[in-house]
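Reading through the structure tokens given below for one structure.
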Amino acid sequence: MQKTMVYICGFVMMFVLAGCATSSPEPSQFESYKNACEQGDGDKCYSLGRMYMEGNGADQSYSKAREAYKQGCEKGNNADACREFGKLQSEGLGVRSDDDAVKHRQTSPVLKLSQFESYKIACEQGDGDKCYSLGRMYMEGNGTDQSYSKARKAYK
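Next comes the structure, spelled out in structure tokens:
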């Protein structure tokens, strides 16, 4: 009986090891998203950004999340990526901002321009929240020239 169990275990181990040696490992979800993002897949860039933000499947990194969202927004035309990129910009996460802007909970003029652009793209894709935010930026001249007519257009 014991000898039979040893043979059975031996055969099972042989099949397991043979399977490990011949099958190629599947790429991780992180690697798949990263590769797809590099190819311009906006949805995968958004998902990659979430992984970096949450430290899920990758080391947590706001700057890498910001970059993934930026790629998803610019190359992949993903409204969610644009929204998250704008949010990181407005909060100053993953970027260097000047100390005075941080103290006053504002972003530097350079960051405002990027936030403006990301909101504009997201609004063009139908994100109502970002259209509202874009309208506010036009009303206040925040990151762009003040324009009431453009603000009204963004609010519609």
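Numbering-wise (our numbering), the sequence shown opens with residue 12 and increments by one. We put the CB at the ideal spot given by N, CA and C, even for glycine.
Extent of the continuous alpha helix (DSSP H) run through residue i
i, result
"D140", "139-151"
"L59", "53-65"
"A165", "159-166"
"S83", "A small correction: the amino acid at residue 83 is Gly; Ser does not occupy that position in the sequence shown. From DSSP, the alpha helix (DSSP H) with G83 extends over 73-85."
"N89", "Counting along the chain, N89 falls outside any alpha helix (DSSP H), and DSSP gives it neither H nor E."
"Q40", "40-49"
"A133", "120-135"
Integer-rounded CB distance, given that residue j should sit under 8 Å from residue i
i, j, result
"A162", "Y149", "4 Å"
"L59", "Y73", "Actually they do not touch by this definition, with Cβ atoms about 13 Å apart."
"F127", "G154", "4 Å"
"G68", "Q40", "6 Å"
Residue-chain proximity (residue i, chain D), Cβ-Cβ < 8 Å
i, result
"D91", "Given the protein chain composition of this structure (a single chain), no chain D is represented."
Open item on the list: Under 8 Å, with one C-beta from each stretch per pair, do the stretch 98-105 and the stretch 135-142 reach the 3-pair mark?
Closed with: Below 8 Å, too few C-beta pairs join the stretch 98-105 and the stretch 135-142 to call them touching: fewer than three.
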